[in-house]
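Residue numbers (the numbering used here): 102 to 297.
First the structure, in the form of structure tokens, and then the observations on it.
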């Protein structure tokens, strides 16, 4: 697949890359996406980081994002604490709240499922695994998010282990980065894991 070219400023580069990688990701057929999702979830579930985690921070997939809900279901069945983000658009922040069932949700900011505001706030520690979404990644552990900075702000204070869950074809050699962009600790695709 042809990779997007790089324009001038960091902001412009990111904007162009977001558009190009979003189109690339949505071009995958539903059948192929399901196969990619199964392999990606299996690779995360079989990782040492997932096995040793006591708490797993997930996300509800939106649009063509990888469906990582089987990871949340496995974590719940293993007796792990599972939490999902609630976004606060006014403060451009997010916090993770515990769910005991994936059905106990509301539609939140940006039309994405979230826990009810009354769901308990999850406190992260070194035994916490955060599964992070993105539109693209590079070999240095950089990720291209959606531009809101929610995960960058969260990860800047996160003391646990972060894994980027992403399809392998959403790779580019080098992503443009700003000083506030936070790298993940590991990248896992449907093809395997890449330590940073």
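Quick reminder that beta carbons are idealized off the backbone N, C-alpha and C, glycines included.
In this model, residue 245 and residue 178 are separated by some 31 Å (Cα to Cα). Counting only residues of its own chain and dropping the five nearest sequence neighbours on each side, residue 146 has a CB closer than 8 Å to the CB of 171, 172, 175. With three or more CB-CB distances shorter than 8 Å, the stretch 253-260 counts as touching the stretch 193-202. When only Cα atoms are considered, residue 136 and residue 130 end up about 10 Å apart. Put simply, the backbone Cα of residue 274 is about 5 Å away from that of residue 239.
The beta carbon of residue 295 sits closer than 6 Å to those of 288, all from its chain and outside the five residues before and after it, given in chain order.
Contact holds between the stretch 151-159 and the stretch 228-242, because three or more Cβ pairs, one in each stretch, are under 8 Å apart. Across the structure, residue 284 and residue 243 are spaced so that their CA atoms are roughly 5 Å apart.
Residue 171: not part of any beta strand (DSSP E); member of the alpha helix (DSSP H) spanning 170-178, first to last residue.
The continuous stretches of alpha helix (DSSP H) do not include residue 280, and DSSP gives it neither H nor E. If you keep only unbroken alpha helix (DSSP H) runs of at least 4 residues inside the stretch 247-273, you get 251-256.
Of the other Cβ atoms in all chains shown, fewer than 16 fall within 10 Å of the Cβ of residue 207; this residue is therefore exposed.
Under a 10 Å Cβ-count criterion, residue 139 is classified as exposed, with fewer than 16 other Cβ atoms of the shown protein chains found around its own Cβ. Membership of residue 290 in any alpha helix (DSSP H) is not indicated; the residue belongs instead to the beta strand (DSSP E) covering 287-290. The C-beta separation of residue 199 from residue 221 comes to about 5 Å, placing the pair in contact by the 8 Å criterion. Excluding its 5 nearest sequence neighbours in each direction, residue 142 has C-beta neighbours in its own chain below 7 Å: 169, 171, 172, listed in chain order. Taken atom to atom, the span from the alpha-carbon of residue 269 to that of residue 247 is near 18 Å. Counting the other CB atoms within 10 Å of its CB gives residue 260 a total below 16, which places it among the exposed residues. For residue 125, the secondary structure class from DSSP, reduced to helix, strand or coil, is helix.
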